[in-house]
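Going down the list, the sequences are from chains A and B. The first sequence begins at 324 in this note's numbering and counts up by one. The second sequence begins at 324 in this note's numbering and counts up by one. Don't be surprised by glycine CBs; every beta carbon is placed ideally from N, CA and C.
2 protein chains.
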Amino acid sequence: MALNTEERRQELRQKLIDAAERTITTRGLSALRARDLAAEVGCALGAIYNVFPDLDALIFEANARTLTAFERFFERLAQTEIPDAEAAVTHLRLLARGYLEFAMKHRLRWRALFDHRMEEGHQIPGWFLEQQKSLFLLVERPLAVLRPDLDPDERATFARSVFAAIHGVVSLGLDEKLMPMRPAVLRAQVGEIFATLGAGLAARPGEAAAS
Amino acid sequence: MALNTEERRQELRQKLIDAAERTITTRGLSALRARDLAAEVGCALGAIYNVFPDLDALIFEANARTLTAFERFFERLAQTEIPDAEAAVTHLRLLARGYLEFAMKHRLRWRALFDHRMEEGHQIPGWFLEQQKSLFLLVERPLAVLRPDLDPDERATFARSVFAAIHGVVSLGLDEKLMPMRPAVLRAQVGEIFATLGAGLAARPGEAAAS
Numbered sequence: 324m325a326l327n328t329e330e331r332r333q334e335l336r337q338k339l340i341d342a343a344e345r346t347i348t349t350r351g352l353s354a355l356r357a358r359d360l361a362a363e364v365g366c367a368l369g370a371i372y373n374v375f376p377d378l379d380a381l382i383f384e385a386n387a388r389t390l391t392a393f394e395r396f397f398e399r400l401a402q403t404e405i406p407d408a409e410a411a412v413t414h415l416r417l418l419a420r421g422y423l424e425f426a427m428k429h430r431l432r433w434r435a436l437f438d439h440r441m442e443e444g445h446q447i448p449g450w451f452l453e454q455q456k457s458l459f460l461l462v463e464r465p466l467a468v469l470r471p472d473l474d475p476d477e478r479a480t481f482a483r484s485v486f487a488a489i490h491g492v493v494s495l496g497l498d499e500k501l502m503p504m505r506p507a508v509l510r511a512q513v514g515e516i517f518a519t520l521g522a523g524l525a526a527r528p529g530e531a532a533a534s
Numbered sequence: 324m325a326l327n328t329e330e331r332r333q334e335l336r337q338k339l340i341d342a343a344e345r346t347i348t349t350r351g352l353s354a355l356r357a358r359d360l361a362a363e364v365g366c367a368l369g370a371i372y373n374v375f376p377d378l379d380a381l382i383f384e385a386n387a388r389t390l391t392a393f394e395r396f397f398e399r400l401a402q403t404e405i406p407d408a409e410a411a412v413t414h415l416r417l418l419a420r421g422y423l424e425f426a427m428k429h430r431l432r433w434r435a436l437f438d439h440r441m442e443e444g445h446q447i448p449g450w451f452l453e454q455q456k457s458l459f460l461l462v463e464r465p466l467a468v469l470r471p472d473l474d475p476d477e478r479a480t481f482a483r484s485v486f487a488a489i490h491g492v493v494s495l496g497l498d499e500k501l502m503p504m505r506p507a508v509l510r511a512q513v514g515e516i517f518a519t520l521g522a523g524l525a526a527r528p529g530e531a532a533a534s
């Protein structure tokens, strides 16, 4: 039975997302070209723009698969109970360590999440922001135990900053330029930074930061 | 009196570095093109490669000026005595806050330090690495007070990780995509993260991190 037009469109969309994901995973975001994707799935260059408004929209779809891979990676941790402050610090430590392992294992697709620069005037799709937001809950949950003084909005902001601090260590540590580190050294450093943050969180629960 | 060949070469070099610095400062590294630089200083495109082995070498010269601007920015702090742990935590807090202010004020040239990706096979010049290294002493000095358990090499590595953690918060906070923050919120967050790290450093001096 022949596919109808909408089915064909959906099929092409999926093929393009698969191809974009493959390119990002194996050669990195900078290797992504509309022309190559069209050749890979066997469609005309213009056909891409029949199913996506622009290349940014396709990249968000491919990057969303990386967010989904993160969700799966942390699935068990997301369901673990956090009864007290000690468990919360352990929880954050496992997140920090897991984040490094994920980044090392899926280096190019992880980089693509941060290297994607949209064309002027383009917006981040709402559904992508929602998926991002639900991932940050992984960090917010233990922080709710450690920093009961923060209201939900403050906690959401602080969770992003705690993430950014660990991301900074992972990201510059995996960079070849500023401070390249062997995996064992980098693991130890993420451990050191996290242990310092964790001790700080445990030492001053509920105390407002004086900057 | 006519300039001799070597004087002309030096003059062209300086003009090209000035032009590269201007472009990076006003329009960012991604706007840098050899052709535009040649037009700006009034030389042939090929003349650039008579005074620099490649564009990367020129970018390192321009980026080094940003490192020098950092040195000037932190000049007074670099000369402040650090008699005890409390002073060391204050010192690190001033560094973290100063880093954010510098990044906000000199956004494009600060970004260029991290966005510069060399051509395959190119090396970071030794003199640039030395200048980077001497900047990290700003972080190593207070850490020597707070973590006397670390030997100089360990301290150098840990200083880079502490820097990377603060850089992560500043960098993602100034990014328009992942977690855009208003300047006041970002300042407060750098304060929060630093206060947490600082409390951790003060709480566990000399204790090895268990990761």
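- Look at the beta carbons and you see the stretch 404-424 of chain B not touching the stretch 367-377 of chain B: under three pairs across the two are nearer than 8 Å.
- Residues of the same chain with a CB within less than 6 Å of the CB of histidine 445(B), apart from the 5 flanking positions on each side, are Asp379 in chain order.
- Cβ-Cβ separation between valine 493(A) and valine 513(A): approximately 6 Å, consistent with a contact (criterion under 8 Å).
- Inclusion of histidine 439(A) and isoleucine 382(A) in the CB contact set at 7 Å is warranted, their separation being smaller than that value.
- Per DSSP, threonine 349(B) is one residue of the alpha helix (DSSP H) stretching across 328-349.
- Under the three-state reduction of DSSP, aspartate 498(A) is assigned to coil, being neither helix nor strand.
- Between glycine 523(B) and leucine 495(A) the beta-carbon gap is near 20 Å, outside 8 Å, which marks them as no contact.
- With contacts defined as CB atoms closer than 7 Å, leucine 400(B) and leucine 417(B) qualify as a contacting pair.
- A Cβ of chain A is located within less than 7 Å of the beta carbon of histidine 490(B).
- In chain order, Gly496, Gln512 place their CB closer than 7 Å to the CB of methionine 504(B), counting only its own chain and leaving out the 5 sequence neighbours on each side.
- DSSP places phenylalanine 397(A) outside any alpha helix (DSSP H), giving it a letter other than H or E.
- The continuous alpha helix (DSSP H) containing leucine 520(A) extends over residues 506-526.
- Ranked by Cα distance from isoleucine 340(B), the first of Glu443(B), Ile516(B), Phe375(B) is Phe375(B).
- Straight-line spacing of the CA atoms in alanine 467(A) and leucine 473(A) works out to 8 Å.
- At a Cβ-Cβ threshold of 7 Å, leucine 326(B) and alanine 435(B) do not count as neighbours.
- For threonine 413(B), the enclosing alpha helix (DSSP H) begins and ends at 408-428.
- Taking glutamate 334(B) as reference, the option from Ala354(B), Glu344(B), Val364(B), Ala357(B) with the minimal CA-CA separation is Val364(B).
- Between alanine 343(A) and phenylalanine 425(A), the alpha-carbon positions lie close to 20 Å from each other.
- Taking the Cα positions, proline 475(B) is about 29 Å away from valine 412(A).
- The DSSP-derived three-state label of proline 376(B) is coil.
- Contact annotation: alanine 408(A) and alanine 487(A) have beta-carbon atoms that are not nearer than 7 Å.
- Apart from sequence neighbours up to five positions away, the residues of its chain that approach glutamate 394(A) with a beta-carbon distance below 7 Å are Leu458, ordered along the chain.
- For arginine 464(A), the number of other beta carbons within 10 angstroms of its own is at least 16, and it is reported as buried.
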